[in-house]
Amino acid sequence: MARPRTPLLSLEKIHTGALELVDELGDFTIPQLARRLGVSPSSLYHHVQGRPEIINGMRSIIGAQALASEGFPPGQGSWQEQAAAWTRNYRRVLSLHAKAIPLLVGEAVTDSPTLEIYERLASLLAGAGFDDAQVILGISVLDILCLGSSVDTAGPSAAWQATPDTEPVLHRAMATGREPIGVRSDAAFEAGLSAALAYLASLPRPEPDPTPEAKPDRSAAR
């Protein structure tokens with residue numbers, strides 16, 4: 001029997017298939033993924049070692065989507081404007097795969113596209129005068145905001161099932177002030193982003209070292 005000209009499996013097919021399952025079901029198993037791809041589970045292990053490698057491959061797809069999005073930094077504007085663009089763009093792409101986030105946060109980032117995403121933010125903050133500890137703090141704050149807000153976009157519109165007898169204030173607020181999930185989530189995200197950037201801007205940044213004055217060359221006078 002002749003072999004197919006196009007291989008049945010590739011890393012891209014495996015990672016894409018796993019991400020599709022997670023987008024639909026919130027998780028994946030090796031047998032599920034094998035059925036999705038029309039192969040045996042043992043065939044998958046000829047290409048990947050297991051779930052952690054597949055999860056990082058899923059992250060790589062999401063990272064590549066973020067890098068390809070229009071307006072992803074570096075770009076024009078102040079560091080605050082570029083950091084806001086970074087956060088909004090990354091959050092938008094993560095929100096497309098909100099069910100994958102619980103899996104992603106359980107594994108260290110090792111793939112090149114996602115590392116480049118964070119390298120761009122690190123370079124932006126370092127270029128604005130933040131020291132190394134502040135760079136890590138800034139990345140962490142904006143990363144948490146992206147991840148948490150992205151998960152929130154997949155949540156129910158009525159996030160708090162309050163009753164008038166036991167939680168009267170919350171019940172009233174939900175009854176009169178509740179907005180559709182997208183509106184509420186976007187407003188909460190923008191409020192958090194403004195607060196995060198204001199906090200980072202308030203941090204004391206080290207003054208750049210003055211350029212040392214050139215010492216006169218006395219060798220010619222000897």
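Under UniProt numbering, the sequence shown has 91 at position 91, and the numbering climbs by one with no breaks.
Yeah, the Cβ is synthetic: ideal placement off N, Cα and C, and Gly gets one too.
In this text, all values refer to a predicted model and were calculated from it rather than measured experimentally.
- Excluding its 5 nearest sequence neighbours in each direction, valine 151 has C-beta neighbours in its own chain below 8 Å: Ala98, Ile101, Pro102, listed in chain order.
- Beyond the five residues adjoining it in sequence on each side, glycine 127 comes within less than 8 Å, by CB distance, of Trp79 in the same chain, given in chain order.
- Rounded to the nearest whole angstrom, the C-alpha separation of alanine 196 and leucine 125 is 13 Å.
- Residue environment analysis places leucine 145 among the buried positions, since at least 16 neighbouring C-beta atoms fall within 10 angstroms of its C-beta.
- In the DSSP annotation of this structure, the continuous segment of the alpha helix (DSSP H) that includes glycine 127 starts and ends at 112-127.
- Nearest Cα to tyrosine 45 within the set Asn56, Pro31, Met58: Pro31.
- Residue environment analysis places valine 183 among the exposed positions, since fewer than 16 neighbouring C-beta atoms fall within 10 angstroms of its C-beta.
- In terms of CA proximity to aspartate 131, Arg205 leads the group Thr87, Phe189, Arg205, Leu193.
- By alpha-carbon distance to aspartate 23, the top candidate from Ala191, Trp160, Ala158, Arg59 is Arg59.
- With a beta-carbon spacing of about 6 Å, isoleucine 54 and valine 48 fall inside the 8 Å limit used to define contacts.
- A distance below 8 Å between beta-carbons, with the five flanking residues on each side excluded, links valine 135 to the following residues of its chain, in chain order: Ala122, Leu125, Ala126.
- The residue among Val141, Glu116, Ser185 with its C-alpha nearest the C-alpha of alanine 159 is Ser185.
- Between histidine 15 and glycine 50, the C-beta gap is not smaller than 8 Å, which leaves the two residues out of contact.
- Inter-residue distance for tyrosine 199 and leucine 33 is about 44 Å (C-alpha atoms, whole angstroms).
- Within 10 angstroms of the beta-carbon of valine 105 lie fewer than 16 other beta-carbons, which makes it exposed.
- Excluding five sequence positions before and after glutamine 65, the CB atoms of its chain that fall closer than 6 Å to its own CB belong to Val93, given in chain order.
- The three-state secondary structure of tryptophan 79, taken from DSSP, is helix.
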